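Residue numbers (this note's numbering): 1423 to 1877. No residue lacks a Cβ here, since even glycine has one placed at the ideal position from N, Cα and C. Please read these numbers as outputs of a predicted model, since none were measured by experiment.
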Amino acid sequence: MMRCSRVVEYCFKYVLKGGDRAYVKITIRGVPKLDDQGREVFNLDEIEHHFQTRYVTSMEAVWRLIGYHIVELSHEVQVQYVYKPGGTRVVFQQGREAEAALAALRMPEKNMLTDFFKLCAEDAEARKYCYQEVALHYAYSKKKGWKKRKRQRKTLVRVQSVLPRDRVGFALRLLLLTRPGPTSYQWLRTVNGVEHNTFAQAAIALNLMESDSLWLRTLQDASNDYKDKQFRRFFAQLMFHSLPSNPEALLAAFIDRLCPVRTDAPDFASRRRRALIRIAYYLQEYNVTLYEVGFDVPRDFSIAEHIEDLQRQDDEEEQQMLTVLENGVPRRRTWQEVAKTERAKLNHDQTAVFERIADAIDNPLNADGSRKQTLFFVTGQGGTGKTFLFNSLISHIRSSNKPTWAQHQPVSLHCFCEEAGQRILRSESPTTSPKKIRRPSISSRDMQKRSAMPA
């Protein structure tokens, strides 16, 4: 549906344009004007204020004289909201938050959705309608709830949109739009006589949410490439960004990677709880909870008592990650294995470039003895995989025990030729800082001489 307010403002911009003048009053700070009884006087002349700030353009004047209607409403728009259990808004005065919270707990939950449940429980005719259909036949009042319409009016119903990231609200909205006559939240979670723990599980049982086969394959690939800490963080990121429909099934499938078996607590329930604590720890970065991404946990599930231990374990694993390389090679792997693995991951375009450059490196001479092309320029849009291609080439070169030098950007190294030569001979990456390599000392006089030399 087009946002009419924007259309009207655009088409009739100068008719609806606000005033061009502002009314400002300047007073001496700390010296208020007082009356005979010592009370502060506020002299506000509303009529004068109106005439000082009111500005009528010629277009608005013509419109008011002719009296044309620029906005008409053909249908009544009924907005219906999706309230999660315990999600009724509470209005309170500042400083009385605790009192308002206690009062809300004592009072039964009452909103547009709970009144719809009550209507379906009492009115057999209302059970024929879904949440978005009831407003066509019943009118809603905050005091009286849903009552049968006496006059049929043209009505458009808009059910509040819910982001898929809010798994509870998103699944609840799907159930409300497809299941007629709900009488309670528990009724919505019950499918074919089975009461599910979450709305998402009920939606999955009704095939209202998509399959997680794609995310299953993604996690399988990540399980082969990532270490335990990296995999746990990746799992939490996937739960937040991709919103799989059944996170509990994915957790059970990868419980061995998320929480390996321990002798003190080998049962699945204990391992699941430890894995959830880890996932919740990483989800804190996105300010979401396990309940919000669809896990079957209490809404008050907390990891406050585990924060210090989790941070300490993260620091220890981070230190281990700093020593993950042995002579520049991932632990327990050779450059030949790394090169083979990265070579298999190249796509068609990357493979064509890789083979052309690798052939020039491995076989620099043609059949007639002439040298092949040895200077290549590779370009492409962001995200096409240039960096991965370059890393694959570096791994291929190092697997042949040839020296490499990966330079991130062209910089002037004419003053440090000795260091450059040492790096090439030692096959060192310029991003590292070898302790044994000392940068040659160059005096300011030498710098002046070199800068004066012709290129």
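- Task: Compute the beta-carbon to beta-carbon distance between L1535 and V1504, rounded to the nearest angstrom, for a pair I have assumed lies under 8 angstroms.
- Result: Mapped onto the sequence shown, residue 1535 falls at position 113. Mapped onto the sequence shown, residue 1504 falls at position 82. With a beta-carbon spacing of about 7 angstroms, L1535 and V1504 fall inside the 8 angstroms limit used to define contacts.
- Message: Could you compute how far the alpha carbon of N1533 sits from the alpha carbon of A1726?
- Response: The residue you call residue 1533 lines up with position 111 of the sequence shown. The residue you call residue 1726 lines up with position 304 of the sequence shown. One C-alpha to the other measures close to 33 angstroms.
- So, is F1539 buried or exposed, given that buried needs 16 or more other C-beta atoms within 10 angstroms? Sequence index remark: in the sequence shown, residue 1539 carries index 117 (1-based). Label assigned to F1539: buried.
- Message: So R1700 and R1654 are supposed to be a Cβ contact under 8 angstroms. How far apart are they, rounded?
- Response: Counting from one through the sequence shown, the residue named residue 1700 turns up at place 278. Counting from one through the sequence shown, the residue named residue 1654 turns up at place 232. Right, their Cβ atoms sit about 5 angstroms apart.
- Task: Keeping to the same chain, check which residues put their C-beta closer than 7 angstroms to that of Y1607; ignore five residues upstream and five downstream.
- Result: As a position in the sequence shown, residue 1607 is number 185, starting the count at 1. Setting aside the 5 residues that flank it on each side, Y1607 is surrounded in the same chain by P1507, each with a C-beta closer than 7 angstroms to its C-beta; the list follows chain order.
- Buried/exposed call for H1770, threshold 16 Cβ in 10 Å: As a first step, residue 1770 must be located in the sequence shown, where it is residue number 348. Exposed.
- Message: Can you give me the C-alpha to C-alpha distance between A1671 and Y1551, rounded to a whole angstrom?
- Response: Here residue 1671 corresponds to residue number 249 of the sequence shown, with the count starting at 1. Here residue 1551 corresponds to residue number 129 of the sequence shown, with the count starting at 1. As the crow flies, the alpha-carbon of A1671 is around 33 angstroms from that of Y1551.
- Message: Does W1485 come out as helix, strand or coil in the three-state DSSP assignment?
- Response: Position 63 of the sequence shown, counted from the start, is the residue given in the question as residue 1485. In the structure shown, W1485 sits in a helix (DSSP, three-state: H, G or I).
- Out of curiosity, what's the CA-to-CA distance linking Q1706 and V1683? Residue mapping note: residue 1706 aligns to position 284 of the sequence shown, counting from 1. Residue mapping note: residue 1683 aligns to position 261 of the sequence shown, counting from 1. Distance between the alpha carbons of Q1706 and V1683: 25 angstroms.
- Beta-carbon separation (whole angstroms), Y1708 vs F1676, contact threshold 8 angstroms: Counted from its first residue, the sequence shown places residue 1708 at position 286. Counted from its first residue, the sequence shown places residue 1676 at position 254. No, Y1708 and F1676 are not in contact; Cβ-Cβ is about 20 angstroms, not under 8 angstroms.
- Task: Would you mind reading off the limits of the alpha helix (DSSP H) that contains L1638?
- Result: To locate residue 1638, count along the sequence shown from 1; it is residue 216. Taken as a continuous stretch (DSSP letters only), the alpha helix (DSSP H) holding L1638 covers S1635 to D1647.
- Message: At the level of alpha carbons, what is the spacing between V1760 and L1680?
- Response: Residue numbering aside, residue 1760 sits at position 338 when the sequence shown is read from its first letter. Residue numbering aside, residue 1680 sits at position 258 when the sequence shown is read from its first letter. Approximately 25 angstroms, taken between the alpha carbons.
- Task: Under 8 angstroms by Cβ, that's how I've got Q1500 and L1597 pegged, so tell me the actual separation to the nearest angstrom.
- Result: Counting from 1 along the sequence shown, the entry for residue 1500 is found at position 78. Counting from 1 along the sequence shown, the entry for residue 1597 is found at position 175. Rounded, the Cβ-Cβ distance is 20 angstroms, inconsistent with contact.
- I1448 to P1454, Cα distance in whole Å? In the sequence shown, counting from the first residue as 1, residue 1448 sits at position 26. In the sequence shown, counting from the first residue as 1, residue 1454 sits at position 32. Going by the C-alpha atoms only, they are around 11 angstroms apart.
- Query: Can the beta-carbon of Q1758 be found less than 8 angstroms from the beta-carbon of S1821?
  - Reply: Taking the first residue of the sequence shown as position 1, residue 1758 is located at position 336. Taking the first residue of the sequence shown as position 1, residue 1821 is located at position 399. Less than 8 angstroms divides the Cβ of Q1758 from the Cβ of S1821.
- Name, in chain order, the residues that DSSP records as bridge partners for Y1562. On the sequence shown, residue 1562 is found 140 positions in, with the first residue counted as 1. W1568, per the DSSP bridge assignment.
- Just checking my contact of L1732 with F1723 at CB under 8 angstroms: how many whole Å lie between their CB atoms? Counted from its first residue, the sequence shown places residue 1732 at position 310. Counted from its first residue, the sequence shown places residue 1723 at position 301. About 15 angstroms; that fails the 8 angstroms criterion.
- Message: According to DSSP, simplified to helix, strand and coil, what is E1617?
- Response: As a position in the sequence shown, residue 1617 is number 195, starting the count at 1. Note: E1617 maps to strand in three-state DSSP.
- Message: Pop quiz: N1619 and D1718 are said to be a contact at Cβ under 8 angstroms. What is the actual Cβ separation, rounded to whole angstroms?
- Response: Translated into the one-based positions of the sequence shown, residue 1619 becomes position 197. Translated into the one-based positions of the sequence shown, residue 1718 becomes position 296. Yes, they are in contact, since the Cβ atoms of N1619 and D1718 sit about 5 angstroms apart, within 8 angstroms.
- Task: Tell me, please, whether the segment 1621-1639 touches the segment 1567-1575 by the rule of three or more beta-carbon pairs shorter than 8 angstroms.
- Result: No, they do not touch.
- Query: Taking the Cβ atom as the reference point for each residue, do P1586 and L1665 lie within a distance shorter than 8 angstroms?
  - Reply: In the sequence shown, the residue the question calls residue 1586 occupies position 164. In the sequence shown, the residue the question calls residue 1665 occupies position 243. Yes, they are a contact pair.
- Task: Would you identify the three-state DSSP class for E1494, choosing helix, strand or coil?
- Result: In the sequence shown, the residue the question calls residue 1494 occupies position 72. Residue state, collapsed to three classes: coil.
- Query: How far does the beta strand (DSSP E) with T1577 in it reach, from first residue to last?
  - Reply: By one-based count along the sequence shown, residue 1577 stands at place 155. For T1577, the enclosing beta strand (DSSP E) starts and ends at T1577 to V1581.
- Message: To the nearest angstrom, how far is the alpha carbon of I1846 from that of D1781?
- Response: For the purposes of this step, residue 1846 is taken as the residue at position 424 of the sequence shown. For the purposes of this step, residue 1781 is taken as the residue at position 359 of the sequence shown. The predicted model places I1846 with a pLDDT of 48, which falls under 50 and marks its position as unreliable, so this point remains unresolved.
- Task: Assign R1595 to one of three DSSP states: helix, strand, or coil.
- Result: Sequence index remark: in the sequence shown, residue 1595 carries index 173 (1-based). In this structure, R1595 counts as helix in the three-state DSSP scheme.
- Task: Using the Cα positions of E1494 and W1485, report the straight-line distance between them to the nearest angstrom.
- Result: Taking the first residue of the sequence shown as position 1, residue 1494 is located at position 72. Taking the first residue of the sequence shown as position 1, residue 1485 is located at position 63. Spanning the two alpha carbons is a distance of roughly 15 angstroms.
- Could you check what DSSP says for T1605 in three-state terms: helix, strand or coil? Stepping through the sequence shown from its first residue, residue 1605 is reached at position 183. In the structure shown, T1605 adopts coil according to DSSP, grouped into three states.
- Going straight from the alpha carbon of L1811 to that of E1764, what length do you get? Start at 1 with the first residue of the sequence shown, and residue 1811 comes out as number 389. Start at 1 with the first residue of the sequence shown, and residue 1764 comes out as number 342. Approximately 9 angstroms between the Cα atoms of the pair.
- Message: So Y1560 and A1548 are supposed to be a Cβ contact under 8 angstroms. How far apart are they, rounded?
- Response: Residue numbering aside, residue 1560 sits at position 138 when the sequence shown is read from its first letter. Residue numbering aside, residue 1548 sits at position 126 when the sequence shown is read from its first letter. Correct: roughly 7 angstroms between the Cβ atoms.
- Query: Alpha carbon to alpha carbon, what distance is there between A1828 and P1852?
  - Reply: The residue you call residue 1852 lines up with position 430 of the sequence shown. The residue you call residue 1828 lines up with position 406 of the sequence shown. With a pLDDT of 42 at P1852, under the threshold of 50, the predicted position of this residue should be treated as unreliable, and no value is reported.
- With which residues is T1612 paired in a DSSP beta bridge? For this step, residue 1612 is matched to residue 190 along the sequence shown. T1612 pairs with E1617.
- How is the alpha helix (DSSP H) around M1379 delimited, first residue to last? The chain is shown from 1423 up to 1877; residue 1379 falls before or after that span and cannot be answered.
- Query: Which residue's Cα is closest to the Cα of S1667: D1545, F1592, H1497 and L1527?
  - Reply: Position 245 of the sequence shown, counted from the start, is the residue given in the question as residue 1667. Closest by C-alpha distance to S1667, out of D1545, F1592, H1497 and L1527, is F1592.
- Using beta-carbon positions only, say whether E1544 and T1510 come within less than 8 angstroms of one another. Position 122 of the sequence shown, counted from the first residue, corresponds to residue 1544. Position 88 of the sequence shown, counted from the first residue, corresponds to residue 1510. The criterion of a C-beta distance shorter than 8 angstroms is not satisfied by E1544 and T1510.
- Helix, strand or coil for L1672, going by three-state DSSP, please let me know. Against the sequence shown, residue 1672 aligns to sequence position 250. Reduced to three states, the DSSP call for L1672 is helix.
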